[in-house]
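Those protein sequence lines, which keep their order, are chains A and B. The numbering of the first sequence is the numbering used here, which starts it at 3 and goes up by one. The numbering of the second sequence is the numbering used here, which starts it at 81 and goes up by one. Beneath this line is the structure, given in C-alpha cells, with notes to follow.
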Amino acid sequence: MQGPSLATGAIPTRDWMDIPVVFKEGNYAYVAKKDKVEYLNSQSGLNFPNAREWSPEDDDWKLPENWKEIILSGLKERLEKFRSLKIFMDCCVRCGACADKCHFFLGTGDPKNMPVLRAELLRSVYRNDFTLGGKILGKMAGAREMTVGVLKEWFMYSYQCTECRRCSVFCPYGIDTAEVTMMIRELLHLVGIGINWILEPVSNSNRTGNHMGLQPHTFKDNVDFLADDVENLTGIKINHTFNRKGAEILFITPSADVFAEPGLYTAMGYLLLFEAIGLDYTWSTYASEGGNFGLFTSNETMKKLNAKMYAEAKRLGVKYIIGGECGHMWRVVHQYMDTMNGPADFLEMPVSPITGTAFKNAASTKMVHISEFTADLIKHGKLKFDKSRNSHVKATFHDSCNPARAMGLLDEPRYILDHVVDWVEMPENTIREQTFCCGSGTGLNTDEIMELRMRAGLPRANAVKYVHEKKGVNMLSCVCAIDRATLTSLMNYWNPEVGVCGVSELVGNALVVEGETRGELDEGLRTMV
Amino acid sequence: MKYVFSFLAVIGLIAIAGLGSLIPGMQSVFGVALPYLAILVFAGGFIYKVIDWAKSPVPFPIQTSCGQAVSLDFIKQNRLECPHTTPEVVARMILEIFTFRSLFRNTKTQIYNGPKITYESSKWLWGFALLFHYSFLVIVLRHMRLFLDPVPAWVNWLDFGDGIFQIGAPNVYVTDATILIALGYLFGRRIWSRHVRYITLMNDVFPLVLIFGIACTGILMRYFLRTDIDIITIKRLAIGLVTFSPVIATKIGAIFFIHLFLVCSLLIYFPFSKLMHLGGVFLSPTRNMKNNSRAVRHINPWNDPEIKPHSYAGYEDEFREFMVEAGIPVEKELPAEKG
Numbered sequence: 003m004q005g006p007s008l009a010t011g012a013i014p015t016r017d018w019m020d021i022p023v024v025f026k027e028g029n030y031a032y033v034a035k036k037d038k039v040e041y042l043n044s045q046s047g048l049n050f051p052n053a054r055e056w057s058p059e060d061d062d063w064k065l066p067e068n069w070k071e072i073i074l075s076g077l078k079e080r081l082e083k084f085r086s087l088k089i090f091m092d093c094c095v096r097c098g099a100c101a102d103k104c105h106f107f108l109g110t111g112d113p114k115n116m117p118v119l120r121a122e123l124l125r126s127v128y129r130n131d132f133t134l135g136g137k138i139l140g141k142m143a144g145a146r147e148m149t150v151g152v153l154k155e156w157f158m159y160s161y162q163c164t165e166c167r168r169c170s171v172f173c174p175y176g177i178d179t180a181e182v183t184m185m186i187r188e189l190l191h192l193v194g195i196g197i198n199w200i201l202e203p204v205s206n207s208n209r210t211g212n213h214m215g216l217q218p219h220t221f222k223d224n225v226d227f228l229a230d231d232v233e234n235l236t237g238i239k240i241n242h243t244f245n246r247k248g249a250e251i252l253f254i255t256p257s258a259d260v261f262a263e264p265g266l267y268t269a270m271g272y273l274l275l276f277e278a279i280g281l282d283y284t285w286s287t288y289a290s291e292g293g294n295f296g297l298f299t300s301n302e303t304m305k306k307l308n309a310k311m312y313a314e315a316k317r318l319g320v321k322y323i324i325g326g327e328c329g330h331m332w333r334v335v336h337q338y339m340d341t342m343n344g345p346a347d348f349l350e351m352p353v354s355p356i357t358g359t360a361f362k363n364a365a366s367t368k369m370v371h372i373s374e375f376t377a378d379l380i381k382h383g384k385l386k387f388d389k390s391r392n393s394h395v396k397a398t399f400h401d402s403c404n405p406a407r408a409m410g411l412l413d414e415p416r417y418i419l420d421h422v423v424d425w426v427e428m429p430e431n432t433i434r435e436q437t438f439c440c441g442s443g444t445g446l447n448t449d450e451i452m453e454l455r456m457r458a459g460l461p462r463a464n465a466v467k468y469v470h471e472k473k474g475v476n477m478l479s480c481v482c483a484i485d486r487a488t489l490t491s492l493m494n495y496w497n498p499e500v501g502v503c504g505v506s507e508l509v510g511n512a513l514v515v516e517g518e519t520r521g522e523l524d525e526g527l528r529t530m531v
Numbered sequence: 081m082k083y084v085f086s087f088l089a090v091i092g093l094i095a096i097a098g099l100g101s102l103i104p105g106m107q108s109v110f111g112v113a114l115p116y117l118a119i120l121v122f123a124g125g126f127i128y129k130v131i132d133w134a135k136s137p138v139p140f141p142i143q144t145s146c147g148q149a150v151s152l153d154f155i156k157q158n159r160l161e162c163p164h165t166t167p168e169v170v171a172r173m174i175l176e177i178f179t180f181r182s183l184f185r186n187t188k189t190q191i192y193n194g195p196k197i198t199y200e201s202s203k204w205l206w207g208f209a210l211l212f213h214y215s216f217l218v219i220v221l222r223h224m225r226l227f228l229d230p231v232p233a234w235v236n237w238l239d240f241g242d243g244i245f246q247i248g249a250p251n252v253y254v255t256d257a258t259i260l261i262a263l264g265y266l267f268g269r270r271i272w273s274r275h276v277r278y279i280t281l282m283n284d285v286f287p288l289v290l291i292f293g294i295a296c297t298g299i300l301m302r303y304f305l306r307t308d309i310d311i312i313t314i315k316r317l318a319i320g321l322v323t324f325s326p327v328i329a330t331k332i333g334a335i336f337f338i339h340l341f342l343v344c345s346l347l348i349y350f351p352f353s354k355l356m357h358l359g360g361v362f363l364s365p366t367r368n369m370k371n372n373s374r375a376v377r378h379i380n381p382w383n384d385p386e387i388k389p390h391s392y393a394g395y396e397d398e399f400r401e402f403m404v405e406a407g408i409p410v411e412k413e414l415p416a417e418k419g
C-alpha cells in the first residue's frame, strides 16, 4: 500500500522553498515561437511582450530588465481586479484537504502539485510584498522574495495544473486553484513566458477562426467530407450551409470535431441529428472554433477570441446559438461570455423550433448546449432510436471538468445515453462533480510532455480500467473535444481496449431517420465503407 | 523548527504576562490597557481586511457547481450544490459555514501496486474541525457571563448544558475537554500526516499552540490554580472594561493575567493571519454566487469594451478569394478580373 505521495518516491526532506526546479526535456511544454508571440502582440487589445528565442533549460530566460517590477505591479493590479485572488491568498489554512484530490499530485507525487502548495508558490510572494506579517516576519511567516527561481517554479507548476477545479469542490473555503493558475499564467505572459501549444492555437483562432488554423475553404471541405460519409453510411443527404445569413441558428463546435478522429464521428452525429429534425442552421467559418485557448492565457485573450461568437451571430442575423460538445468552451460560454461580450440583445431567447421548449436557463447568453437541445428532443419523442445499433458499444461516461464543475451539466448527457446505448457509471468518487480530469486540459495536450500527461490522467484511466474489467466497458463517452483527443492517448496507454467517443456520435449511431437506406453498420458511424 | 518556535513564542508570551503582571502598577496595563488595545486591533483589523476584500470587484461569475444545474423541466436541479437563486445560495452558505459541508465530502486517496487507486470517505478532519470550532464558540459565549450583568438566561443555559455531567466542583465543562482533544488532533495531523507536515508553516502551528495555551491557562485557573482567583473581582474588571470604567480592586493571580494576555495576543494576531478565514468564508466567490450566469448577465466593472474580435471584414479580406472559390457567401465580391 502506498500513500498518494508515493507515486514517484518519498516526500523531500528539504523544505519546498529550498528545492529549485530543474527543466529537462520531457518535463516542460515547448515555449511559444517568437513569430506567434509577435503576431499576438500586434493585435489590438492584446499584450504579449518580449518575443524571443529561448528555452526553459537555459539559465538565462532573457527576461526584461525590470521583470520583477512588472510581476509585482501585475500582481498588485490583479489583486485589485479580482476579489477571488485576495480571498484565496488570505484564507487558506493549509488543512490539506485538497492535496490528494489533484490528479497531478496523484500521478506525479510531486508535493508542489498539491493544490495548496501550488497556490503557496504565489502566496509566499504575496505575503512578502503585500501583507504586514510577511513584511515583518519574512520566511518565518511563509514569505519569500520574488526571484528568477520563483518565476521558473511558477512556470513549471502553473503548467502542471489543468484548471479542472476538483480541489475547489473539496476546499472548505472554496479556494479554486484554477483562479490561482490563471493569475500566474497571466503574470508570466507579462514577461514573455508562455507555451507554444497554447499561443499558436490562440493566434490561429484569432486569424483563421479556429485553433487548427483551417482556412475557410479547408474548414468547409472537411465538413463536406463528413457529410458525404454520413450519406454513404445512411443514405441520408446532409444539407448543411456555411456563413448563411438568415439561418435561424448558428452552430459552433470545437474545430477538432471536423478535423481529427474520433471527434469526426461526433461531428457526423451532429450533421445527422440536425438533418433528421430539419433544423434551419448554419456553420460559420469565421467563428469556427468553440474552444477558447484564451481561457488558458489571459482574460483579455479569452474575451477577444470569444467575441467572435456574438459578432458572427449578429452578422448572420440568427436567433440564437447552439454549441457543440466541448469542456472549457462551455466554461467560457457559461461563466464569461455574457459578462465579457454581452449583452446579446440582438438575439432571442432560445426556443427549440422542434419542441417549442424555451431554454430559460440560457435566457441571457442565448446559447444552448447540444446535450440540452438533444435531451429535450428525446423527452418530446421527436427522435427515434434503435439502441441495438449501438450493440457493439458498452459505454461509460466521463464528466468533463468544466461542464461538471463550472456549469453543472451532469444529467443531460446521461439522459441521452439512457436512450441510445447500454452504459454504466464509473466509481462514484470519480464522476459528476468529483470527476477526474483527462490530465491534458488547458493546453497541455502536447506530445513533448507525454509522460506527465499519462501520469496526470492516471486517476481517470484507473476508474475506466475498473469498469472495463468489471463491466466490460469498451467505450469512454464524453462531451468534450479536448477529451476526445487526450483520452484517446490516455486509453491507448492505460486501457488499450477502450475507445473514446462523443455522446453525439452515439446519438448518430442509434438514430433512425426517415428515408434512410442503412445497412448493418458494425461500428456505427465509424464503419468503413 | 516551526513547531519549536511556535511553542517558544507562546512560552515567551506566558513569561511576559506572568512576570510582567507581578510588577506593581503593571496590572492595569495587562488588565486594562492591553485588552482595549487588543479589541481595537482585532475589530479595526478585521473590518479593514473585509473592506479591503470588498474593494476588489468580482469580475466573473466563477461559482463551483457541485451538482446538477437548473436545466430542462425533467432534469432535477441540485438546489444546495448548484444554487440558481439567492435563497438557494443562502442555504448553501449556511450549510458551508455551520456544518463545513465541503470538508464533509473529504475522501482519502490511496495508490496500490498495479497501479490501483482507491477513494474512501474520510471524515476525521471534518469531525475534529467541527468539534474545535463549536467548542471554541461555546467557550467564547459562556464567557459572556463575565461581561454581562445580569447574566442573560441563554448564557446560563449554555453554562448549564456545558457542565451537564456535573463532575467535580466546580463543574467540569465538556468543551474544556473537547477543545483540547480537537486541538490535539489538529496539531497531531500536522506531524503524523506526511503531506500535511510538508505544507505546514509556522502560521499554522502558532495559532494552534496559542489557543492551546489559552485553553490550558483557563482550565488551570478554573480547576487548579485558584489562589487569588476571585470570580467577583474578575467579573468586576470585565464589566468595568465593557462599561469603560475598569477597576482592579484587589490582587488577582498571575494565571489570570497570563490567560488574558494570551487572549489579547490571539485577538491582535487574528486580522493578520489565516484566522481571517472566519471572514473570508462568507465572501468566497466559488461558493456564494448563483449558478445562473447564462440566464442573468453578471457585470464586470472593469470590462474593457475596446477589446474587439479580429473583425469579420479583416478575415474576409484575407480569405475572400478562397471563400468565393469554395462557394462560401461573402460580403464583398472579388474585384472584376482585369483583362
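Think of the CB as a built atom: it goes at the ideal place given N, C-alpha and C, for glycine as much as any other residue.
Judged by beta-carbon spacing, residue 290 of chain B lies within the 8 Å limit of residue 90 of chain B, meaning their Cβ atoms are closer than that value.
Minimum Cα-Cα distance from residue 360 of chain A among the listed residues A/366, A/352, A/367 corresponds to A/352. When the five nearest sequence neighbours on each side are left out, the beta carbons in the same chain lying within less than 7 Å of the beta carbon of residue 206 of chain B are those of 180, 183, 184, 186, in order along the chain. Of A/44, A/86, A/157, A/394, the smallest CA-CA separation from residue 29 of chain A is found for A/157. Put simply, the backbone Cα of residue 114 of chain B is about 8 Å away from that of residue 341 of chain B.
For residue 373 of chain B, the neighbours in chain A by C-beta distance under 7 Å run, in chain order, 336, 337, 340.
Residue 402 of chain B belongs to the set of residues whose beta carbon lies under 8 Å from a beta carbon in chain A. When DSSP states are grouped into helix, strand and coil, residue 190 of chain B belongs to the strand group. As a beta-bridge residue in DSSP terms, residue 196 of chain B pairs with B/192. Under the Cβ distance rule, residue 140 of chain B counts among the residues neighbouring chain A, one pair being separated by less than 8 Å.
The way I'd put it, the region 252 to 263 of chain A does touch the region 202 to 215 of chain A; three or more beta-carbon pairs between them come closer than 8 Å. Counting other Cβ atoms within 10 Å of its Cβ, residue 217 of chain B stays below 16 and is therefore classed as exposed.
Residue 279 of chain B and residue 269 of chain B have their alpha carbons spaced roughly 12 Å apart. Distance from the CA of residue 274 of chain B to the CA of residue 103 of chain A, rounded to the nearest whole angstrom, comes to 15 Å.
Spatial neighbours of residue 149 of chain B in its own chain (CB-CB distance under 6 Å, excluding positions within 5 residues in sequence) are listed in chain order as 162, 371. Pairing residue 285 of chain A with residue 225 of chain A gives a Cβ-Cβ distance under 8 Å.
Distance from residue 525 of chain A to residue 237 of chain A at the Cβ level is roughly 17 Å; contact not present, criterion being Cβ atoms closer than 8 Å. When Cβ-Cβ separations below 8 Å define contact, residue 106 of chain A makes no contact with chain B.
Of all residues in the region 64 to 84 of chain A, only 81, 82, 83, 84 place a beta-carbon less than 8 Å from a beta-carbon of chain B. By the Cβ neighbour-count rule, residue 66 of chain A is exposed, with fewer than 16 other Cβ atoms within 10 Å of its own. Under the three-state reduction of DSSP, residue 254 of chain A is assigned to strand. With respect to residue 390 of chain B, residue 208 of chain A sits close: the two C-beta atoms are nearer than 8 Å. The DSSP-derived three-state label of residue 478 of chain A is strand.
Under the DSSP definition of a beta bridge, residue 369 of chain A partners with A/323. Note that the C-beta distance between residue 42 of chain A and residue 204 of chain A is below 8 Å. Counting only residues of its own chain and dropping the five nearest sequence neighbours on each side, residue 319 of chain B has a CB closer than 6 Å to the CB of 229.
For the pair residue 506 of chain A and residue 372 of chain A, the CB atoms are nearer than the 8 Å cut-off. Note on geometry: alpha-carbon atoms of residue 365 of chain B and residue 523 of chain A lie some 49 Å from one another.
For residue 503 of chain A, the enclosing beta strand (DSSP E) has its first and last residue at 501 to 504. The straight-line gap separating the alpha-carbon atoms of residue 299 of chain B and residue 143 of chain B is approximately 43 Å. Residue 111 of chain B and residue 337 of chain B have their C-alpha atoms spaced approximately 7 Å apart. Within the same chain, 218, 221, 222 come within 7 Å of residue 238 of chain B by CB-CB distance, once the 5 residues on both sides are set aside. The straight-line gap separating the alpha-carbon atoms of residue 338 of chain A and residue 219 of chain A is approximately 30 Å. Residue environment for residue 107 of chain A: buried (at least 16 other C-beta atoms within 10 angstroms of its C-beta). For the beta strand (DSSP E) assignment, the uninterrupted runs of no fewer than 3 residues enclosed by the region 127 to 212 of chain B are, from N- to C-terminal side, 187 to 192, 196 to 201.
At least 8 Å separates the CB of residue 444 of chain A from every CB of chain B.
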